[in-house]
Structures are given as C-alpha cells and as structure tokens.
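For reference, the structure is listed below as structure tokens.
Numbering (the numbering used here), first residue to last: 123 to 577.
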C-alpha cells in the first residue's frame with residue numbers, strides 16, 4: 123500500500139543529506155555512523171482474533187524490516203547540527219497487502235547567532251504504512267494506535283532566546299505540525315502556533331520562564347464507518363488556542379534536572395458534525411457546533427543522566443489537536459524510563475508509558491445536548507511497557523531486541539480496543555564510520571561561545 127508522495131520525500135531527504143556532507147570537514151567536527159539493519163517482530167494476536175481454534179486463523183502477526191540508520195553530527199565552535207535518518211521497508215509476512223516504506227527523521231540544530239542570541243531548531247518526521255512502528259514504545263509521547271493505512275507525522279519547532287541582561291532573556295518561538303492519514307476514517311490535522319515570553323536565570327542552576335502561546339488547529343474531513351448510530355467526528359473544523367504558562371527548572375544532585383510547568387488554556391472551536399443513523403441512501407443531518415472551553419495545563423519532569431545509568435520520569439496534562447479525531451482534546455501522558463550500561467557492550471532498558479485522550483466539553487453543561495455523551499467523554503486510554511536490550515558484540519555489529527505489551531481501550535471510532543504482546547529482534551551492521559559517536563538531536567543544546575559576535 124504505497125503513498126505517491128513517499129518517493130518524492132525520500133529524494134528530497136537524500137539530496138539534503140548529500141549537500142550537507144559536501145561541506146568541507148575542515149570547517150568543523152563531523153561525526154558519521156551508517157548502519158544497515160534487519161529485524162523481525164511478532165505481535166501476538168494484534169488482529170484481536172477471537173476464535174483461535176480454527177486452523178485457518180492466524181492470530182499472530184509477524185513483521186519483517188530492513189533498512190539503514192544514519193546518524194551524524196556536525197559541530198562548530200558556536201553551532202551544532204545533529205541528525206538521525208532511518209529509511210526502511212516493512213512487510214507483514216502473512217499479508218502482503220500492508221507492505222510499505224517507512225521514513226524516520228530526527229533533526230536538531232543549535233547555534234549562537236551572536237553572544238546574546240541563541241537559535242534552536244527541531245524537526246521530527248515519520249512516514250509509515252502503519253503508525254504501529256517497528257520501534258518499541260519507549261518515548262514519553264502520547265499513544266494512539268490507529269492501524270489504518272499510510273500516515274505522515276511532522277513537527278517543526280523553531281525558537282530563539284535573546285538576552286537583554288545577564289539574567290533576563292526574551293523568548294520567541296513558532297511550531298508547525300502536520301498529521302495526515304490515508305484512511306478517510308481519520309481527520310487530517312495541521313497546527314501552527316507562535317509563542318513569546320521572558321526567561322529569568324535566577325541562579326546558575328535555577329531558571330524561571332513565563333510564556334504565552336497563540337495557535338490554530340485546522341482539521342480536514344473525517345467520516346465514521348460502521349453502525350454506531352450517532353456521529354460525532356468533525357469535518358472541516360478549526361480551533362483557536364491560547365495558553366499561558368509558568369515554568370521552573372532546577373538542577374539537583376549530580377547531572378540531575380527538575381522542571382515543573384503550570385498554566386491555563388482557552389479553546390474557541392467550531393466544526394460540522396453529522397447527526398442521524400448511518401443508513402445507505404439516507405443523508406445525515408449536518409450541524410455546525412461552536413464551543414468555548416478553558417482548563418489547566420501542567421507538567422513535571424525529573425531526569426538524571428550519568429555515565430553508566432540514566433532515568434526519566436514525568437507527567438503532562440495539556441490541550442492537543444489529537445490523533446485524527448477532528449477536534450481539540452485534552453491529553454494526559456505519564457511516562458517513566460530507566461537504562462543502564464553494563465561494561466562497554468551491553469545496554470538494558472525498561473520503559474512505561476500511559477496516555478489518555480478526553481473531550482474538552484463538560485458533559486454536565488447541557489444534558490440535553492446529544493453531542494455531550496458521557497460514554498464518549500473519555501475517548502482513548504492506552505498503556506505500553508517495554509523491556510529492551512542492545513548488545514554490541516563487536517565493533518561493527520550490534521543485536522537489539524526485547525518485549526513490549528500494549529493495551530488500548532477506546533470509546534470512539536475508528537480506534538479499537540487492543541491488547542497484545544510484542545517481541546522484537548534486530549541486527550545492525552556498521553557500514554561506515556567517521557569520528558566519535560555522533561551527538562543526539564535531543565541533546566543539541568550546548569555549544570562553545572569563545573568567538574566574538576559575527577557582525
């Protein structure tokens with residue numbers, strides 16, 4: 123099942139990488155690692171087959187993958203670029219109809235434009251024939267398993283911090299996200315937001331931020347399938363979102379970081395919904411719905427990164443464009459992860475992630491409103507846990523694998539109730555290496571600043 127835009131995206135990505143690699147290495151420090159990888163995973167009863175006694179029913183779903191992993195970083199005295207790109211081909215061994223190509227791109231750029239102006243850019247892109255990817259669930263992100271066709275997820279964030287005194291900075295930023303689906307059951311979503319604020323460096327290890335955000339959510343068409351009677355999926359909807367937040371960051375112990383955020387949000391939204399039974403030949407009544415919602419947002423995160431041991435723990439409650447619902451929703455996400463390195467060759471990790479999507483509307487506002495159904499207020503709840511390992515048994519070869527358990531409870535179509543286990547195993551062979559281990563895009567934050575302003 124292919125997407126005609128995938129080859130074009132692949133050509134653009136490879137052209138950008140070729141142009142970047144053409145930069146003279148004498149201008150800075152270039153680190154590159156290119157791996158070839160092949161692997162397989164088994165999702166036990168991913169299809170949720172109930173009758174397992176029939177000999178012709180295959181309950182397990184086995185997926186194979188082969189591809190490349192490119193990691194590089196390019197560091198100048200006042201600039202750092204870190205990139206990870208993984209094109210791969212995936213196919214379900216028992217069902218050739220869901221084969222496809224996956225692209226995963228993660229980029230981070232940090233630069234000190236002047237002594238007082240710092241710029242950060244982050245880009246993450248995933249294009250896949252199935253959002254339930256080869257990689258295990260080990261990231262602190264909201265979970266929603268859709269299982270329906272080609273999907274593209276893109277997020278670009280650009281931010282700048284301008285010092286006005288030694289302890290005070292003006293913070294500016296913009297974010298653009300896009301999520302598209304091949305399936306008409308899910309609504310494409312595009313968001314654009316800008317933010318402004320002030321940062322106060324109260325001490326070398328303590329910082330206070332005040333930030334205000336203005337953004338828009340734009341939802342494409344969405345249509346439900348199946349006999350559920352009342353339809354609620356939005357069509358051609360949009361939402362204006364404002365937030366105001368206060369954040370506090372502080373170091374603790376050695377190499378430990380603590381951050382807490384608290385604030386409020388306001389959402390003004392409108393969308394077209396269809397009411398009525400889904401009977402062929404009978405048109406559904408379309409109603410324009412306008413809503414105003416307010417609420418609180420907050421987050422807390424603790425992390426510590428040591429040479430042989432690191433962990434991460436956090437919780438977030440916020441407003442979100444959702445994962446194809448066609449309207450703004452509330453999301454809760456709790457996550458915890460720990461990893462340890464044994465010697466130079468073995469890394470072990472244990473991760474857990476829990477997510478919940480809820481409607482913004484207060485079900486008690488108008489009990490006669492058919493759009494505010496109590497059973498639909500909580501849309502999706504999902505849990506995922508992963509135990510993983512990575513073993514570098516030679517200088518050019520590594521084995522990675524582990525076990526995940528995924529459970530999802532859904533009250534809204536087209537998401538489904540899921541409960542299955544996953545086993546995964548992969549072998550990576552190093553094809554090319556230059557320099558030391560590349561910097562991670564998420565860590566592209568610290569650069570040297572020994573040169574005078576370039577003015």
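A virtual CB, placed ideally from N, CA and C, is assigned to each residue, including glycine.
Between residue 265 and residue 506, the C-beta gap is smaller than 7 Å, which places the two residues in contact. DSSP, read as helix, strand or coil, puts residue 318 in strand. As computed with DSSP, residue 341 is found in a beta bridge with 311. In the structure shown, residue 165 adopts extended strand secondary structure according to DSSP, grouped into three states.
Taking the Cα positions, residue 531 is about 37 Å away from residue 430. Following the DSSP letters along the chain, one finds residue 473 inside the beta strand (DSSP E) bounded by residues 468-481. In this structure, residue 205 places its C-beta atom within 7 Å of the C-beta atom of residue 194. By the Cβ criterion, the segment 513-527 is in contact with the segment 463-472, since at least three pairs of Cβ atoms, one from each stretch, lie closer than 8 Å.
Under DSSP, residue 536 takes part in no beta bridge, so it has no partner. Counting the other CB atoms within 10 Å of its CB gives residue 554 a total below 16, which places it among the exposed residues. The straight-line gap separating the alpha-carbon atoms of residue 160 and residue 250 is approximately 17 Å. DSSP links residue 502 through a beta bridge to 479 and 532. Per DSSP, the beta-bridge partners of residue 191 are 157. Here DSSP, grouped into helix, strand and coil, assigns residue 186 to strand. Less than 7 Å separates the beta-carbon of residue 284 from that of residue 239. Contact annotation: residue 241 and residue 230 have beta-carbon atoms that are not nearer than 7 Å. Annotation for residue 464: the continuous beta strand (DSSP E) segment containing it runs 451-464. Residue burial annotation: residue 374 is exposed, with fewer than 16 other C-beta atoms found within 10 angstroms of its C-beta. Residue 304 and residue 342 do not touch by the CB rule: their CB atoms are close to 12 Å apart, not below 8 Å. Taken through DSSP and simplified to helix, strand or coil, residue 563 comes out as helix. In the DSSP assignment, residue 442 falls within the unbroken beta strand (DSSP E) covering 431-442.
A direct Cα-to-Cα measurement between residue 362 and residue 298 gives close to 14 Å. Excluding the 5 residues flanking it on each side, residue 156 has same chain C-beta neighbours closer than 7 Å at 190, 192, 553 and 554, in chain order. Sixteen is the threshold: since fewer than 16 other Cβ atoms of the shown chains lie within 10 Å of the Cβ of residue 416, the residue is exposed. At a Cβ-Cβ threshold of 7 Å, residue 248 and residue 210 do not count as neighbours. In this model, residue 386 and residue 279 are separated by some 21 Å (Cα to Cα). The beta-bridge partner set that DSSP reports for residue 291 consists of 285 and 321. One thing to note: residue 545 has its Cβ within 7 Å of the Cβ of residue 164. Residue 247: member of the beta strand (DSSP E) spanning 239-250, first to last residue. Per DSSP, the beta-bridge partners of residue 209 are 225. By the beta-carbon neighbour count (other beta carbons within 10 angstroms, threshold 16), residue 290 is exposed. Short of 6 Å from the beta carbon of residue 196, and not among the five residues preceding or following it, lie these beta carbons of its own chain, in chain order: 150, 152 and 203. Of the residues 319, 508, 235 and 309, the one whose Cα lies closest to the Cα of residue 461 is 508. Separation of the CB atoms of residue 307 and residue 535 is rounded to 7 Å, and the pair is thereby assigned contact status at 8 Å. By DSSP's assignment, residue 509 forms a beta bridge with 472 and 525.
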